[in-house]
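Residue numbers (numbering that gives the first Met the number 0), protein chains in the order written: chain U, 0 to 143; chain X, 0 to 529.
Note that CB positions come from ideal geometry on N, CA and C, so glycine has one too.
Keep in mind the model is a prediction, meaning the values are calculated, not measured.
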Amino acid sequence: MIAAARKAEAGALIEILHEIQAEFGYLPAEVPALVADELNLSRAEVHGVVTFYRDFRSQPVGRTTVRVCRAEACQSVGAHQLAEHATARLGVGFGQTTPDHSVTLDQVFCFGNCALGPTVEINGLLYGRVDPERFDALVAGETS
Amino acid sequence: MSATSPTVVYVPRDSAARSVGADEVADRIALAAAERHRDVRIVRNGSRGLLWLEPMVEVVTAGGRVAYGPVTPDDAESLVDVGMLDGADNELSLGVTDEIEWLRSQQRLMFRRVGVIDPLSLEEYEANGGGAGLRRALAMSPAEVVTEVIDSGLRGRGGAGFPAGVKWRTALDTDADVKYVCCNADEGDSGTFADRMLMEGDPFTLVEGMLICGYAVGATHGFVYVRSEYPDAIATLNSAIEILYARGWLGEHVLGSDAEFDLTVRVGAGAYICGEETSMLESLEGRRGEIRVKPPIPAIRGLFGRPTVVNNVLTLGSVPAILAGSAAAYAEHGVDRSLGTQVFQLAGNIARGGVVETSFGITLGELVLGYGGGTRTGRPVRAVQVGGPLGAYLPADRFDLPMAYESFAAAGAMVGHGGIVVFDDSVDMAQQARFAMEFCAEESCGKCTPCRVGAVRGVEVIDRIVADVDRDLNLVLLGDLCEVMTEGSLCAMGGLTPMPVRSALEHFPEDFSRGPALVRPVAPAEGGPR
C-alpha cells in the first residue's frame, strides 16, 4: 500500500522502505518481494538496498532501542568505556536484542553532538555527556 | 509586575541543547513563570554555538538579550525567583549575549542568524537580512550570479574544496531538459555538526542558497539529502519548506519571478559513504550507495543522468551572504585561495566546544586553546584530528598551522568540513589508526578493491605492528598498503583513510611500539537485527 502510493515518485525505494519500517518497526520477510513487484524492480535490487543500509532491519527490535555513539569525538571522552559498560549492563552485543525483547543495543558513528559526548540515543531521543552512571539511570527510566 | 507584553525567553531547540535537557528547562521555566503570574513567551531558537554552556537561556531586556547557562531543569525555578526574567545577575549569568567575547570576536556571515531568531519565523528571518541575497540574484542574469560566486572564491565546504562557482558554471553551460541541485546534508564525519546546527537553527538560509543556485544554473528541482541520525534537522527543514511554499518562495513563481523551484527532503539510511557525492546520487535514485566512477562529473551527468550541482550545506549556506553583499566583500575574508569564512567546530575532549565562524587563516592553536580552552578533562592536549575520520591527526606542536586549504595540504592534512576533535594525553594513537582502518572496512561501499580489501588488511597489519610481529616488515607493508589505497581507490573513502593512519605513525610513532597490552579492539557489530 505504501509502495503503491509512492511508486510514481522517482527513486523512492529508500523512502518507501523507511515508511514500511516506521509502520512495522522492521521489514518483514515478505517486504522485498512485494515492494519489488510494485516498483517493477527485481527482488535482488530491493534485497541489495535493504542489506546495504544500516537502518533497515529484518527482525523486530526490543521495546526500547539504545544506540551508543562510537565515533572519534565521543571516543575522546570515554565512548570505549561506555560501550563496554553498555554491553555488560544489558548483557548483549551491539546489534543484538535482550532475550526478553526489552532492549535492542546498537552502535552509531556520530549523532552530530560532538562537543557534548559521549552521546547515546534512547528511543529516538538524544542524551549528551552520558557516563556509565547516567547511562544506567536513563536505561532504567525507559525500561522500568 | 505590570508588564503589558510578555517577557521573551529563548531556550534553544538545537538537538545538542536538547541532549542536555533544554526541553525540560523550557517546561520548567514556563511552569515557574506561570506559578508566579509572570507572562512569558518562550521562543525555541537555534543554538548560539556555545555548546558547553547549553542549555543556554536568554531573556530579552531593555539592555539587550541577557544569557544564563548552563541551566539545568532544577535551576529553572530558583533562577526565576532571583529575577532572571528581569535580566538580574546571578551565578549563572553570562551577561549580555552579544558582548560575550567568545561570540563577539567571531565573524558570523552564514551563522549570523543561528541562535538569534526563531528558526521558523520568516518575518524574523527577513528582518535580520534573510532574503536579500535571493532578491539581488533574481535581479541579475543567471550567468552574472555564477560569476559572482566564482569571484567570491567560495570553495566546497564539504571537504574537497572544489571552487563552487566553477561547478555551477559547468551545470549552467550543460544543456538539458531538467537540472537538479542536491544538497549534501549527510554530515557523517565525527566532530562535525555545523550542517545540523544550520538546518535546525536557520533552515531558510540553506533553502535560500539552494534557490539562488537553482536560478543560477537553471535547475528547477532540488533535494536535500539528510542523514537519518538527524531527525530534528529533518523535521525543521520540512517545516521550513512547507512555510516557504505557502509564502511563495518555493514553487512556480519564486518571489513572484519567472523562476521555478521545487524542493524535497530525502532521508538517508545509515551509510557513511553516502556523504560521497556520487554515492549520494545513487542513494537518491533509490539504490545501494555505491559510488560512481568519475568522469562524467555530476555537474554534467548527475542525478537521473541530468546536470546536477552537488554542494554541501555550508557551501550553499554561504551563498545568501555572498549575494546579499558582494563577491569582493566576501573575498576580503581569508588567506591565499582559502577565501571567506569557515564554520569551525570544536569537538571531542574540549573545555569550550561549539562553533566558531571566522575567516580562514586563524591558527589551529587559536581555535583549540584560545576558543576551546584546552581539554575538558584538564589534561594536556596530545592530538587533534581535523577534518573528520579521514583527516590527519596533528600533535600540539603543529598548533601554529593556519586553518586554510593550502597550509593544511602542505602539512599532509586537510581542513575538510572544519571539524576539530581534541584528544588528551590518555589517547592511544595506534588504536586511533586502527580505528580509521576499521571504520573504512565497516563503511566501504565495496566497489573498489583497494578500499574494500585494503581496509581489512590495514587493521590486521596494524595489529601485527602493535603486537611486535615482524614490526619493521609490517611497517613497510603498511606504508605500501596506504599508498595503494591513496592512489588506487575510486573515491575519498579509501583514498583518504591512509591520512589519519600515516599522520598517527608520523607524529606518534612511540604508540606503535608499546606492545600488545594496549590493543583494545573495537568490537564489530554482531549479527542481529540489521
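- The Cβ atoms of E14/U and R265/X sit closer than 9 Å to each other.
- In the DSSP secondary-structure assignment, N39/U is not bridged to any residue.
- For the 9 Å CB-CB criterion, S104/X and T485/X do not form a contact.
- Under DSSP, E259/X forms no beta bridge with any residue.
- Sequence-ordered contacts of the region 86-114 of chain U with chain X read G92, F93, G94, Q95, T96, T103, Q106, V107, F108, C109, F110, G111, N112, C113 and A114 [C-beta pairs closer than 7 Å].
- Counting along the chain, the unbroken beta strand (DSSP E) around N310/X starts and ends at T307 to N311.
- Distance from the CA atom of D423/X to the CA atom of A87/U, rounded to whole angstroms, is 26 Å.
- By DSSP's assignment, R40/X forms a beta bridge with V7/X.
- Judged by pairs of C-beta atoms under 8 Å, the region 219-228 of chain X touches the region 184-199 of chain X, as three or more such pairs exist.
- Put simply, the backbone Cα of G288/X is about 26 Å away from that of T118/U.
- By the Cβ neighbour-count rule, F23/U is exposed, with fewer than 16 other Cβ atoms within 10 Å of its own.
- Closest in alpha carbon position to L81/U, among I19/U, E29/U, A9/U and E120/U, is E120/U.
- Excluding five sequence positions before and after S14/X, the CB atoms of its chain that fall closer than 6 Å to its own CB belong to D231, given in chain order.
- When rounded, the separation of the alpha-carbon atoms in A43/U and W101/X is 54 Å.
- Within chain U, F51 and Y52 have C-beta atoms less than 8 Å from the C-beta of G288/X, given in sequence order.
- Look at I19/U: its C-beta is not under 9 Å from any C-beta on chain X.
- The way I'd put it, the region 85-97 of chain X does touch the region 60-73 of chain X; three or more beta-carbon pairs between them come closer than 8 Å.
- Along the region 230-243 of chain X, the positions whose C-beta sits under 9 Å from a C-beta of chain U are P230, D231 and A232, read in chain order.
- Proximity of the region 136-146 of chain X to the region 199-217 of chain X meets the contact definition, three or more beta-carbon pairs being nearer than 8 Å.
- Given a length threshold of 3 residues, each whole run of the beta strand (DSSP E) inside the region 70-111 of chain X is given here in chain order: 92-95.
- With respect to the 9 Å criterion, V76/U and T376/X are classified as neighbours on the basis of their beta carbons.
- Bridge pairing for D423/X: V380/X [DSSP].
- With respect to the 9 Å criterion, G187/X and G274/X are classified as neighbours on the basis of their beta carbons.
- A straight line joining the alpha-carbon of V426/X with that of P449/X spans about 28 Å.
- Taking the C-beta atoms as reference points, V309/X is found nearer than 9 Å to N183/X.
- Per the coordinates, the alpha-carbon of L115/U lies some 12 Å from the alpha-carbon of V421/X.
- By the C-beta criterion, the region 391-409 of chain X is judged to be in contact with the region 360-378 of chain X, since at least 3 inter-stretch pairs fall below 8 Å.
- DSSP, read as helix, strand or coil, puts C212/X in helix.
- Partner residues in the beta bridge of F343/X, as assigned by DSSP, are V355/X.
- Taking C-beta atoms as the reference points, V30/U and L12/U fail to come closer than 9 Å.
- Between Q384/X and chain U, the shortest Cβ-Cβ separation is below 9 Å.
- V420, V421, F422, D423, V426, Q431, F434 and F438: these are the residues of the region 420-439 of chain X whose beta carbon lies less than 8 Å from some beta carbon of chain U, given in chain order.
- The beta-carbon of A72/U is placed less than 9 Å from the nearest beta-carbon of chain X.
- Taking a Cβ-Cβ threshold of 9 Å, the residues of chain U close to P388/X are A70, E71, F108 and C109, in chain order.
- Taking a cut-off of 8 Å on C-beta distances, the region 469-480 of chain X does not touch the region 253-262 of chain X, as fewer than three cross pairs fall below it.
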